[in-house]
Structures are given as C-alpha cells and as structure tokens.
Amino acid sequence: MSEKPPVPADGAPVSGVDPEAVPADASASPDTPSPPTTPANAGTPGGTPPSSGAAQWERRNEGPRRVRGGQKLRWRDTDPPMTGVAGRIIDLLDASVTPAVRQEGIEYARQGQILVLEMDGGAVRATVQGRRRAPYDTRLHFDVIAPEDWDRIVDAMASEAAYLVSLLADELPDGIDELLETLDLRLVPPAPLATECDCADAAPCKHAAAAGLLAAERLQADPALMLGLRGMPLERLRVRLRQARALQAHGVASAHVDPMIPESQVDPPALETCLDAFWRPPPGAADPPPPTKHLSHALLRRLGPSPLTGKFPFVGLLASIYDHVAEHARELEDRLEE
32 MSEKPPVPAD GAPVSGVDPE AVPADASASP DTPSPPTTPA NAGTPGGTPP
82 SSGAAQWERR NEGPRRVRGG QKLRWRDTDP PMTGVAGRII DLLDASVTPA
132 VRQEGIEYAR QGQILVLEMD GGAVRATVQG RRRAPYDTRL HFDVIAPEDW
182 DRIVDAMASE AAYLVSLLAD ELPDGIDELL ETLDLRLVPP APLATECDCA
232 DAAPCKHAAA AGLLAAERLQ ADPALMLGLR GMPLERLRVR LRQARALQAH
282 GVASAHVDPM IPESQVDPPA LETCLDAFWR PPPGAADPPP PTKHLSHALL
332 RRLGPSPLTG KFPFVGLLAS IYDHVAEHAR ELEDRLEE
C-alpha cells in the first residue's frame, strides 16, 4: 500500500509557495479550522496540482488582491510628463528603481491598490494592498531641512514680498529653487531615494514605487506639499515669513513702494539753448526702468486669511468693496480735472 503524502499544519504555507501568495483561507483566525492542503506535486502524474492546492497555485500567479475605494493614479503614458517638483520626484524614482519594478508600481497605482497615502514630516507613508491578505506598510523618506537652515531660508525670503504673496495664495513661490541654491540647499533631495516596506522584496519595491508615483501626482496638483515633506508645512512657513517681514519693517509696512529716481550728476544746459528739443530725451539717455509689478489687494494679502469662520467670503467681499471705491475715486478725479 502506497504511503499518503504529508499534510501540513493549519495555516502553514506549502513548500514552494510564495508567502505573499497565501490564499484567503490560510489567513483565517485560529478559531476557524483550515482545510488540509496537499503539496502541488502530489495527486495526478506529471505534477499537476490537485484541487486542494489549486487556490494557492492560482493565487501565486494572479495579481494583487482587489480593493474597493483605493486611491488611483490618474496619470497615463499619453498625458504630458509631470513638471516642477513632481517631475523631479519622478526622476528620483527612476534613478532608484529598476524598470520592471517601476512598471509594477505603475500597475499597482493605476489599479487603486493604495489604501492610505500621507505626506508630511519627512516621509510619504502609504498602506498598499498586495497579494497577501494584510496590506503592506511602505515609507519613502525625505530628510527634513535642519531648523537652522530654515531660519536662513526665512530670512532670505523675508526681503521679497512676492514670496509671502505666493504663500498667501497657497502656492509654492517662484524662484524658491534658485534661492535655496544660493544657500547650498535643495527642495528635492538627490538620489537615491530611501524607502522602507515590510514586504520581502528588495528595496525599493513595487509598493514604494506605487506610493511614489501617487505622491508625485499630488505634488503636480499642489507643489507646496513639498514644503511639508522637508519639515516646514506651508501654513507654518507663512506665519514665520509674516513675522520676519514685520520685524524687518520695524512695525511699518507699505503696500506700495514708490520707485527711487536717480539724481543726475551732470549740470543741464541753459533753457534757451534747448527749447526746440525740450520734450525730447537727450542723446544716449537710458530707457526708464520697467514699472514695478502691481499686486492687487496687497494689504489684504498681507493680512492673510480672515479669522472669521464660516463659508461667507469676507476677504473677497472686502476686495470687491475696495475695487468699487477705487473706481469711484478715479471717476471723481476725472470730473474735477474737466
């Protein structure tokens, strides 16, 4: 009589089966008995897996477990490439993962395998559903900028009102990369990207790639999120910059700065010698400097968001009133000049 093949204990994976490819019944609670499992090479001749091992055999060759309500990557290969901070995150991923891992990460992200994605405090934290029942915890690490370096950044930004205006509009200021370069700093750290995941794959894995792609898509829509990743959320930077500008101005602020007109060091010719060309510019005169860019509602922008709660657009109402008053004042001025 032939000897029966050995039967593994409840919940133990069959030899030769990827631990990530454990079927749903193998992860049941200890109170629920699991049906016995037969090795894949037992049963029919030729090594065909019998029905008792078919679930594990199929799970190993299938994709990740489907989830509902997952966060999906909407970017497609036919869409324009991501730019700015998001584009540099994509470059950072490409320099850190293999093409095969990147493709698997794209598939995971597009299928909605990411259950949770958080971006702040020097890390992108994600919960990614793979082939096993329990999802994976994945992290992408971004070193935060040191506090003393943020002090230097705030001091440098305080000299330009445009930085605060952009932050008040919830935007990443233009020229911040150039400013950081003068301080020997970077908004996006260089490669390689440090990742962490509780899966058995080599790092960086497909779960980290999927999280990085979805994070890049968020940064494409809101580049200011990169500030939080480097340790200074937009709201905190906005408060610090407003305080720094107030200290620099010693409590005196001006919404509009009058341009300085340089004084000429050359004595003008006598009036009677230049009557014919009085209204013409002298030879070799330089073009006047371009006018300073006008910022609408500069005082309202400087004050920041309204402290009043609710859905009533108080700041927008004040802006409309200011525009109406200014237009009425110009009309009165025109009438007085007639």
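Just add 31 to the spot in the sequence shown (first one is 1) and you have our numbering. Idealized CB from N, CA, C, for every residue including glycine.
In the structure shown, residue 270 adopts helical secondary structure according to DSSP, grouped into three states. Here DSSP, grouped into helix, strand and coil, assigns residue 171 to strand.
Counting along the chain, residue 146 sits inside the beta strand (DSSP E) bounded by residues 145–151.
Closest option to residue 210, judged by alpha-carbon separation, among 358, 173, 181 and 119: 181. For residue 179, the enclosing alpha helix (DSSP H) starts and ends at 178–188.
Spanning the alpha carbons of residue 120 and residue 313 requires a straight line of approximately 54 Å.
Ranked by Cα distance from residue 142, the first of 222, 270 and 245 is 245. In this structure, the straight-line span from the alpha carbon of residue 108 to that of residue 330 is close to 44 Å.
The stretch 219–230 makes no contact with the stretch 294–308: fewer than 3 CB pairs, one atom from each, lie closer than 8 Å. Inter-residue distance for residue 179 and residue 357 is about 44 Å (C-alpha atoms, whole angstroms). Linking residue 152 to residue 259 through their CA atoms gives a straight-line distance of about 6 Å.
Residue burial annotation: residue 161 is buried, with at least 16 other C-beta atoms found within 10 angstroms of its C-beta. Between residue 279 and residue 167, the alpha-carbon positions lie close to 49 Å from each other. Across the set 308, 176, 354 and 155, the C-alpha of 155 shows the shortest separation from the C-alpha of residue 250.
In this structure, DSSP gives residue 156 an extended state, which the three-state scheme calls strand.
In this structure, the beta-carbon distance from residue 145 to residue 247 does not fall below 8 Å. In the three-state scheme derived from DSSP, where H, G and I count as helix and E and B as strand, residue 226 is classed as strand. Check the Cα spacing between residue 197 and each of 176, 157, 183 and 253: the tightest is with 253. In the DSSP assignment, residue 142 falls within the unbroken alpha helix (DSSP H) covering 130–142. Each residue's CA atom was taken as its position, placing residue 315 and residue 368 some 35 Å apart. Remark: C-beta atoms of residue 193 and residue 204 approach each other more closely than 8 Å. In the DSSP annotation of this structure, the continuous segment of the alpha helix (DSSP H) that includes residue 115 starts and ends at 115–125. Boundaries of the alpha helix (DSSP H) around residue 366: 345–368.
A buried status is given to residue 102, since no fewer than 16 other beta-carbon atoms sit within 10 Å of its beta-carbon. Residue 352 sits exposed, since fewer than 16 C-beta atoms from the chains shown fall within 10 Å of its C-beta.
Distance from the CA of residue 365 to the CA of residue 302, rounded to the nearest whole angstrom, comes to 33 Å.
Only residues of its own chain outside the window of five on either side were considered, and among them 331 have a CB closer than 7 Å to the CB of residue 349, listed in chain order. In this model, residue 115 and residue 206 are separated by some 12 Å (Cα to Cα). Residue 256 counts as buried, since at least 16 other C-beta atoms from the protein chains shown sit within 10 angstroms of its C-beta. By the criterion of at least three beta-carbon pairs nearer than 8 Å, the stretch 229–237 is in contact with the stretch 117–137. The C-beta separation of residue 214 from residue 184 comes to about 7 Å, placing the pair in contact by the 8 Å criterion.
In this structure, 216 is the residue among 355, 216, 275 and 195 with its C-alpha nearest to the C-alpha of residue 177. Cβ neighbours of residue 112 within its own chain (closer than 8 Å, five residues either side excluded): 118 and 121. DSSP places residue 212 in the uninterrupted alpha helix (DSSP H) bounded by 207–213.
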